[in-house]
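Q:
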Amino acid sequence: MKKSFVTRLTFVASNRPEAQEAREKLVARYGDAGLDEAQVIVALGGDGFMLETVHELMDAGKPIYGMNRGSVGFLMNDHHDEDLLGRINAAEQAEIHPLRMQAVDVDGKTHEALAFNEVSLLRTTRQAAKLRISVDGKVRLSEMICDGALISTPMGSTAYNLSAHGPIIPLDAKILALTPISAFRPRRWRGALLSHTARLRLEVLEAPKRPVSAVADNFEAPNVVEVYIAEDRDVSLVMLFDAGRSLEERVLAEQFSV
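In the numbering used here, the protein residues as written are 1 to 258.
1) Taking C-alpha atoms, which residue in W189, R190 and A214 lies nearest to R201?
2) What does I175 pair with, by DSSP beta-bridge criteria?
3) Unbroken alpha helix (DSSP H) runs of length 4 or more, entirely within the segment 213 to 241: which are they?
4) Can you tell me whether L35 is buried or exposed? The criterion is at least 16 other CB atoms within 10 Å of its CB, across all chains shown.
5) In terms of residues, what are the limits of the beta strand (DSSP E) holding E41?
6) Which residue comes first and which comes last in the beta strand (DSSP E) that contains D105?
7) Where does F11 sit, in a helix, a strand or coil, going by DSSP?
8) Determine the extent of the beta strand (DSSP E) in which V204 is found, giving its start and end residues.
9) Does DSSP put P17 in a helix, in a strand, or in coil?
10) So if DSSP puts R185 in a beta bridge, which residue, or which two residues, is it bridged to?
11) Find out if the Cβ-Cβ distance for the pair E118, Y160 is shorter than 8 Å.
12) From the DSSP output, in three-state form, read off K25 for me.
13) Can at least three beta-carbon pairs, one atom from the segment 20 to 28 and one from the segment 49 to 61, be found at a separation below 8 Å?
14) Taking C-alpha atoms, which residue in S134, F241, V235 and M67 lies nearest to A113?
15) Please look up how many angstroms separate the CB atoms of I168 and V251, rounded, as I've assumed it's under 8 Å.
16) M50 by DSSP, collapsed to three states: which one?
17) Among T53, M76, L84 and Q102, whose alpha-carbon lies nearest the alpha-carbon of E231?
18) Drop a sphere of 10 angstroms on the beta-carbon of A90, count the other beta-carbons inside from all chains shown, and report buried for 16 or more, exposed for fewer.
19) Would you identify the three-state DSSP class for I88, choosing helix, strand or coil?
20) What's the gap between the Cα of K2 and the Cα of V238?
21) Kindly indicate which residue of A149, I88 and L85 has the alpha-carbon position closest to the one of E203.
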């Protein structure tokens, strides 16, 4: 974001009543410059809506400042009407890069999507999935029997990855987390930390019998047979967080939460 003082905002909101009400009040107070003229996009909702906003508006090239009008709100700032311009101008920036997923299904069709949080492979029937995992062209795990696996960015490491007992990653660590989901074999494998430059290939073994879907944030490709995942450094997005409550600080604080 440019260093010039921000005065022009545009507001987007989830369909939750509290988010819509907050948008009406904020537009009445600060105006709405529209997407083309705005310097900052203000997103009102929860973490899910923030991810939707990131995907829908990342091509606009505008920083996004979220305010929590949802539930968890880890990626959001607190909701206050007062001094919004002051908060935004004092905000700390977090530049994030997504994962790019290329998934090939049983019919040979390739599905491509970006993921700012994680790419997940998930079994879709009662049958456990069987996966083979390669990193940078070398097979590292010839067979894993599991509910699935996920590859997480640092930003996404406190989301599904943490629920699957994966590690929390500092935002500037340049590391990806590869985390199994309910692994049956090998029982003691707890995942791996990989360089952000790693290129992964996950193959679905016995795919017709053990179908698996691949999910990149809010995009799902069903019945996949192989999935390629790598960080895309050519794509970036700036998120804004209130001074003293940066995304780096939130990720660090989460490691000490009890």
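Note that CB positions come from ideal geometry on N, CA and C, so glycine has one too.
A: In short, the structure shows the following:
1) The residue with the shortest Cα to Cα distance from R201 is A214.
2) According to DSSP, I175 bridges with S195.
3) If only uninterrupted alpha helix (DSSP H) runs of at least 4 residues are considered, none is enclosed by the segment 213 to 241.
4) Exposed, since its Cβ has fewer than 16 Cβ neighbours within 10 Å.
5) The question names Glu, yet the displayed sequence has Ile at residue 41. I41 -> beta strand (DSSP E) spans V40 to G45.
6) From DSSP, the beta strand (DSSP E) with D105 extends over L99 to D105.
7) Correct three-state label for F11: strand.
8) For V204, the uninterrupted beta strand (DSSP E) segment begins and ends at L200 to L205.
9) When secondary structure is reduced to three states using DSSP, P17 falls in the helix class.
10) For R185, the pairing in a beta bridge is given by DSSP as I145.
11) Yes.
12) The three-state reading of DSSP puts K25 in helix, counting H, G and I together.
13) Taking one beta carbon from each stretch, the segment 20 to 28 and the segment 49 to 61 have fewer than 3 pairs nearer than 8 Å; the two do not touch.
14) Answer by Cα proximity: V235.
15) The Cβ separation is near 6 Å, so the contact holds.
16) For M50, the three-state secondary structure derived from DSSP is helix.
17) That would be Q102, whose Cα lies nearest to the Cα of E231.
18) Answer is exposed; the Cβ neighbour count stays below 16.
19) Taken through DSSP and simplified to helix, strand or coil, I88 comes out as helix.
20) Note on K2: pLDDT 46, under 50, position unreliable in the model; no value is reported.
21) Closest option to E203, Cα to Cα, is A149.
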